[in-house]
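J.:
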Amino acid sequence: MIQQIYSTVMLYLQQSLTTTVGNNLVEDFVKFNWDYVNGKQSKHNWGPLTSNLLFIAMEGNTTPCHYDEQENFFAQVVGYKRCILFPPSQFECLYPYPVYHPHDRQSMVDFERPDYNRFPKLKNAKGCEAIIGPGDVLYIPIYWWHHVESLLRGGPTVTVNFWYKGGPTTLEYPLKDHQKVSITRNVEKMLIEVLQDPKEVGPLLRAMVLGRVCPLLFEDEWVEDLKDLTKVPIVGWAKPESVLPALLCAFINLELLKFRLPEFRGLFRGPCSGTGLNPEPALEDNPLLLLRESENIQF
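Here the working numbering is used: the first residue of the sequence shown is 1, the next is one more, and so on.
Right, here's the structure in full:
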């Protein structure tokens, strides 16, 4: 890949490690101390290893700030890199691109030339920094933001990473920050699927947040109305378009209500079946139905 950083053209290689990369590299990789990473995987109850990537970069190369949906062991082989990390709690300070955007999971902020007028909350972001060199292994937790630079005057850099699926964890309240990020992503994906136009997602969410669709149903007088609503089958997203926000708002308020009333938990199998809500009973108690099975998200 050719990367242009302002007026400078840089070369950068990102290659999945498979048998196609050459016998010498395969032999070196087989001799790796797999007991170390396998031990960490077992200790922290991670899912399976999904891939290994080889990164080769010129000095000065930058990987823009982004997050991954997997656990990451970042092993430095040659040269030095500067890694700036932010926990998932800093999500709103880093201004991610929309889910449908080609740069999904990446921050819109240019760390070299930050625009604080456009991204004012960036000033409040709190992270940590690490300089890694040959033999160092940096653990980047799932959903943690990371901005990576190959240091100047250090020559080319070589890194190998190990990506593992996140393992199941006990669901406890309040939710952890990375779980909230996961919910946010799936809400956005659900809306794109239903609206069929990414440009409609922002205005709809904005209207809901500002209370222009319907009130948040936390007050006790709304509880009985919601119980009645759950008895009525909803056969898909109706038109005209004005009906869609009302239905969606009612659904999300039902999801919120399930955190208060145990009898609402497990009422719906999932948020969307392609044509609308599915009011069939769930197979198990699952209050976080915004986390869709198709995303393979486990807690």
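Heads up, the beta-carbon is just placed ideally off N, CA and C, and yes, glycines get one too.
Are the region 149-156 and the region 52-60 touching, with three or more C-beta to C-beta distances below 8 Å?
T.: Touching, yes, given that three or more Cβ pairs across the two stretches are closer than 8 Å.
J.: Within a Cβ cutoff of 6 Å, which residues of the same chain sit near Pro-64, ignoring the five residues on either side of it in sequence?
T.: Gln-106
J.: Residue ranges of each beta strand (DSSP E) run of no fewer than 3 residues wholly in the region 103-176, ordered along the chain?
T.: The DSSP assignment places complete beta strand (DSSP E) segments of no fewer than 3 residues inside the region 103-176 at 128-132, 137-140, 145-150 and 157-164, in order along the chain.
J.: Could you check whether Tyr-143 and Pro-88 sit closer than 8 Å to each other, using their CB atoms as the reference points?
T.: yes
J.: If you measure from the beta carbon of Gln-76 to each beta carbon in chain B, is any gap under 8 Å?
T.: Of the chains in the structure shown, none is chain B; there is only one protein chain.
J.: May I have the straight-line CA-CA distance separating Tyr-53 from Tyr-116, to the nearest angstrom?
T.: It is worth fixing the name first, because residue 53 is Leu in this sequence and not Tyr. Answer to the nearest angstrom: the Cα atoms are 34 Å apart.
J.: Is Pro-64 helix, strand or coil when you go by DSSP?
T.: strand
J.: Would you decide whether Phe-91 is buried or exposed? Buried here means 16 or more other CB atoms lie within 10 Å of its CB.
T.: buried
J.: State buried or exposed for Gly-166, treating a residue as buried only when at least 16 other CB atoms are found within 10 Å of its CB.
T.: buried
J.: What is the DSSP secondary structure of Phe-32, counted as helix, strand or coil?
T.: coil
J.: Cβ of Ala-125 within 8 Å of Cβ of Cys-93?
T.: yes
J.: Assuming Asp-136 and Gln-76 form a contact by the criterion Cβ under 8 Å, report the distance between their Cβ atoms to the nearest whole angstrom.
T.: 5 Å
J.: For a test of the three-state rule: what should DSSP assign to Met-10, helix, strand or coil?
T.: Strand at Met-10.
J.: Taking the C-alpha atoms as reference points, what is the distance between Gln-179 and Asn-33?
T.: Each residue's alpha carbon lies about 32 Å from the other.
J.: Might you give, ordered along the chain, the residues of its own chain that have their beta carbon closer than 6 Å to the beta carbon of Trp-46, omitting 5 neighbours on each side?
T.: Glu-71, Tyr-164 and Gly-167
J.: So, helix, strand or coil for Gln-196, using DSSP?
T.: coil
J.: So, with DSSP's three-state summary, where would you put Gln-15?
T.: strand
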